[in-house]
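Each residue of the sequence shown is one higher than the last, beginning at 5 in our numbering.
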Amino acid sequence: MADDEEPIAIGEALAGIKVLPLLEGWTALAAIVLVKCIDEEGRPSWAFRTTDGLNDEELLGALTVRTDMLRRDLLASYYDQDE
């Protein structure tokens, strides 16, 4: 984010994008957002954003755990196809 940019509400930044809601009783504190976009030249690209409230250790931990979970699920689906 450039120094002169101010954060905006996630619903405003990602208008039209829908996600599953949090579990009942949960309260959002911070977010990691990876958005598949079309850039100004019409090519697919990715944008990565985080909210205030996440330090680098939390960010790395969350991404590492999610990567490991996805890797586990993909491997399981690969081996299930062999049976």
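C-beta: ideal position from N, C-alpha, C; glycine also.
Spatial neighbours of residue i within its chain, please: C-beta separation below 6 Å, excluding the five flanking residues on both sides.
i	result
VAL39	ALA51
ALA34	THR55, GLY57, LEU58
ARG53	VAL37
To the nearest angstrom, how far is the alpha carbon of residue i from that of residue j?
i	j	result
THR68	GLU62	10 Å
LEU83	GLU16	Correcting the residue identity first, residue 83 is Tyr in this sequence and not Leu. Answer to the nearest angstrom: the Cα atoms are 41 Å apart.
ALA19	ALA80	35 Å
LEU78	THR71	10 Å
ASP8	VAL23	29 Å
LEU74	GLU28	24 Å
ALA66	ARG47	28 Å
Give the single residue among the options whose Cα lies nearest to the Cα of residue i.
i	options	result
ILE21	LEU79, THR31, VAL37, ALA32	VAL37
ASP14	LEU27, ARG47, ALA66, ALA32	For the record, residue 14 in the displayed sequence is Ile; it is not Asp. Ranking LEU27, ARG47, ALA66, ALA32 by Cα distance to ILE14 puts ALA32 first.
Per DSSP, residue i is paired with what?
i	result
LYS22	The partner list for LYS22 (beta bridge, DSSP) is empty, contrary to what the question assumes.
VAL37	ARG53
ILE42	PRO48
Residues in the same chain with beta-carbon distance under 8 Å from residue i, minus the five sequence neighbours each way, listed in chain order, please.
i	result
ASP43	SER49
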